[in-house]
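Let me begin by presenting the structure, written as structure tokens, before commenting on it.
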Amino acid sequence: MIRVAVLGAGRIGQIHAANVAAHPLARLIAVADPIAAAADRLSAQLNCEASTDAEATIARPDVDAVVIGTPSDTHAHLMLCAARAGKAVLCEKPVDNDLAKADAAVAELKALDAKVMMAFNRRFDPSNIALRQAIDAGDIGTVRQVIISSRDPGLPPRDYVAHSGGIFRDMAIHDFDMARFLLGEEPVEVYAKASRVVDPALMEEFDDHDTLMVIMQTASGKQCHINCCREASYGYDQRFEILGSKGMLMNDNLRPSTVRRFTAAETEAREPLLNFFLQRYTDAYRNELDAFLKALKSGSPLPTTPWDGRQALRLAEAAIESVRTGRAVAV
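In this note's numbering, the protein residues as written are 18 to 348.
Spelled out as structure tokens, the structure:
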């Protein structure tokens with residue numbers, strides 16, 4: 018059994034802790050959160066120990082691996098603490114909100130030969146796995162364009178925004194990673210526009226935006242368009258379209274049911290979209306943890322790395338610079 022501690026007892030930490038507790042290869046040893054009530058509540062639910070000290074939890078001799086689900090600006094520090102202690106790590110995105118700190122962390126993790134996996138959960142969604150497999154099988158020939166639509170059902174809490182690093186580093190970073198995953202090449206140029214149309218007052222307070230569009234291109238000419246918005250009145254909207262030389266792949270939204278209703282009052286009426294990422298990516302979070310634990314057990318390479326986290330953050334930084342300057346930015 019791989020003995021695991023989960024750092025963070027918020028919404029992501031709760032998902033990770035429950036998945037660890039249910040996994041046959043793992044034993045959940047402890048959860049840590051600076052808010053004692055949150056740690057106590059989650060530990061009571063999952064029959065493990067609670068702590069308010071993340072570093073002390075990492076240092077425990079009965080912990081082999083840690084899952085980091087804490088605020089973004091703590092990730093690099095906690096990853097390094099764990100790696101220096103010889104612990105394996107599954108860490109939520111991003112590596113850090115600051116690219117220089119991320120680069121320093123990635124370099125040290127490489128020098129330590131640390132076992133660290135970045136939790137880009139969307140790569141592990143069954144539908145997205147099928148997209149990549151279809152591309153690899155040559156079903157649509159050579160990829161030419163990738164279109165990603167990513168829209169949340171509503172603004173995140175104010176305290177979350179304060180530590181998030183902004184929409185490009187927090188929300189769109191998943192899309193930057195999926196762009197790399199689906200294009201199969203690194204973008205070399207980024208052009209972005211961003212605005213405040215959902216809640217100007219909230220976003221101005223944090224010097225952030227709530228709506229964006231990004232266009233990227235690789236050295237070979239492959240293109241990607243990303244559009245994100247913090248609010249979609251109809252639910253959690255996640256769609257992919259990949260155009261190739263021999264055809265196209267599409268990945269549509271998930272719903273509670275596939276039933277469609279036809280009546281005198283409405284045509285093709287369907288169930289609403291799933292409400293949030295915790296519902297949409299339930300299987301992805303399980304698959305992600307499974308891939309992490311099985312790689313540790315077998316000694317095989319981890320499927321996503323700190324370098325993947327760094328590259329997605331670099332694209333986010335380029336997009337932020339593009340918004341600031343109004344020009345395309347070379348990566």
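Where a beta carbon is used, it is the ideal one built from N, C-alpha and C, also for glycine.
The structure displayed is predicted, hence computed values, not measured ones.
- Query: What is the C-beta distance between Phe-257 and Ile-165, in whole angstroms, given that I count them as a contact (C-beta under 8 Å)?
  - Reply: Along the sequence shown, one-based indexing puts residue 257 at 240. Along the sequence shown, one-based indexing puts residue 165 at 148. At roughly 6 Å, the Cβ-Cβ gap stays under 8 Å, so Phe-257 and Ile-165 are in contact.
- Message: Quick check: the Cα distance between Ala-122 and Lys-132, rounded to an integer number of angstroms?
- Response: Counted from its first residue, the sequence shown places residue 122 at position 105. Counted from its first residue, the sequence shown places residue 132 at position 115. Ala-122 and Lys-132: Cα-Cα distance of roughly 13 Å.
- Can you round the beta-carbon distance between Leu-172 and Leu-219 to whole angstroms, since I take them to be within the 8 Å contact cut? As a first step, residue 172 must be located in the sequence shown, where it is residue number 155. As a first step, residue 219 must be located in the sequence shown, where it is residue number 202. With a Cβ gap of about 7 Å, Leu-172 and Leu-219 count as contacting.
- Item | Endpoints, the beta strand (DSSP E) within which Lys-210 is located | Position 193 of the sequence shown, counted from the first residue, corresponds to residue 210. Segment 204-212, the beta strand (DSSP E) holding Lys-210.
- Item | Beta-carbon proximity list for Ser-144, same chain, < 7 Å, skipping 5 on both sides | For this step, residue 144 is matched to residue 127 along the sequence shown. Within the same chain, Asn-268 come within 7 Å of Ser-144 by CB-CB distance, once the 5 residues on both sides are set aside.
- Query: From Ser-339 to His-191, what distance separates their C-alpha atoms?
  - Reply: Position 322 of the sequence shown holds residue 339. Position 174 of the sequence shown holds residue 191. C-alpha separation (whole angstroms): 19 Å.
- Item | Spatial neighbours of Gln-240 in its chain, beta-carbon cut-off 8 Å, leaving aside the 5 residues before and after | Residue numbering aside, residue 240 sits at position 223 when the sequence shown is read from its first letter. In its chain, beyond the 5 residues on either side, Arg-161, Gln-162, Val-163, Ile-232, Met-233, Gln-234 have a beta carbon closer than 8 Å to the beta carbon of Gln-240.
- Query: Can you give the Cα-Cα distance for Asp-142 and Leu-271, rounded to whole angstroms?
  - Reply: As a working mapping, residue 142 is identified with position 125 in the sequence shown. As a working mapping, residue 271 is identified with position 254 in the sequence shown. Straight-line Cα distance between these residues: approximately 11 Å.
- Rounded straight-line distance, which links the Cα of Arg-168 to that of Asp-216: Here residue 216 refers to the residue found at position 199 when the sequence shown is read from its first residue. Here residue 168 refers to the residue found at position 151 when the sequence shown is read from its first residue. Taking the straight line joining both Cα atoms gives about 15 Å.
- Task: Verify whether the separation of the beta carbon atoms of Cys-108 and Ile-85 is less than 8 Å.
- Result: By one-based count along the sequence shown, residue 108 stands at place 91. By one-based count along the sequence shown, residue 85 stands at place 68. Yes, Cβ-Cβ distance for Cys-108 and Ile-85 is below 8 Å.
- Residue span of the alpha helix (DSSP H) that contains Asn-145, given as start and end: Indexing the sequence shown from 1 puts residue 145 at position 128. If you look at Asn-145, you'll find it in the alpha helix (DSSP H) that goes 143-153.
- Excluding the 5 residues preceding and the 5 following Tyr-298 in the sequence, name in chain order all residues of the same chain whose CB lies nearer than 8 Å to its CB. Taking the first residue of the sequence shown as 1, we reach residue 298 at position 281. Excluding sequence positions up to five before and after Tyr-298, its CB lies within less than 8 Å of the CB of Asn-138, Arg-139, Asp-142, all in the same chain and listed in chain order.
- Taking the alpha-carbon positions, what's the Ala-38 to Phe-185 distance? The sequence position of residue 38 within the sequence shown is 21, counting from 1. The sequence position of residue 185 within the sequence shown is 168, counting from 1. Taking the straight line from one Cα to the other gives about 32 Å.
- For Pro-320 and Lys-314, the rounded distance between their alpha carbons: Start at 1 with the first residue of the sequence shown, and residue 314 comes out as number 297. Start at 1 with the first residue of the sequence shown, and residue 320 comes out as number 303. Taken atom to atom, the span from the alpha-carbon of Lys-314 to that of Pro-320 is near 14 Å.
- Answer yes or no: do Pro-111 and His-92 have a C-beta to C-beta separation smaller than 8 Å? Counted from its first residue, the sequence shown places residue 111 at position 94. Counted from its first residue, the sequence shown places residue 92 at position 75. In terms of Cβ geometry, Pro-111 and His-92 form a close pair [threshold 8 Å].
- Query: Apart from the five residues on each side of it in sequence, which residues of its chain come closer than 8 Å, Cβ to Cβ, to Ser-212?
  - Reply: As a first step, residue 212 must be located in the sequence shown, where it is residue number 195. Within the same chain, Cβ atoms closer than 8 Å to the Cβ of Ser-212 are found at His-226, Asp-227, Thr-228, Leu-229, the five residues on either side in sequence being excluded.
- Once you ignore the five residues that flank Arg-303 on each side, which residues in its own chain have a CB closer than 7 Å to its CB? The count along the sequence shown starts at 1 and reaches residue 303 at position 286. Same-chain partners within the cutoff: Asn-36.
- Test item: CB-CB of Leu-266 and His-40 under 8 Å: As a working mapping, residue 266 is identified with position 249 in the sequence shown. As a working mapping, residue 40 is identified with position 23 in the sequence shown. No.
- CA nearest to the CA of Ile-152, picked from Ala-124, Leu-291, Glu-283, Lys-263: The residue labelled residue 152 in the question sits at position 135 within the sequence shown. Nearest C-alpha to Ile-152: Lys-263.
- Task: Give the straight-line distance between the Cα atoms of Ala-209 and Asp-156, rounded to the nearest whole angstrom.
- Result: Taking the sequence shown and counting its residues from 1, the one referred to as residue 209 is at position 192. Taking the sequence shown and counting its residues from 1, the one referred to as residue 156 is at position 139. Between the alpha carbons of Ala-209 and Asp-156 lies a distance of about 31 Å.
- Item | Given Ser-237 as reference, the closest of Glu-206, Ser-89, Ala-333, Phe-223 once Cα atoms are compared | By one-based count along the sequence shown, residue 237 stands at place 220. Proximity to Ser-237 across Glu-206, Ser-89, Ala-333, Phe-223 peaks at Glu-206, based on C-alpha coordinates.
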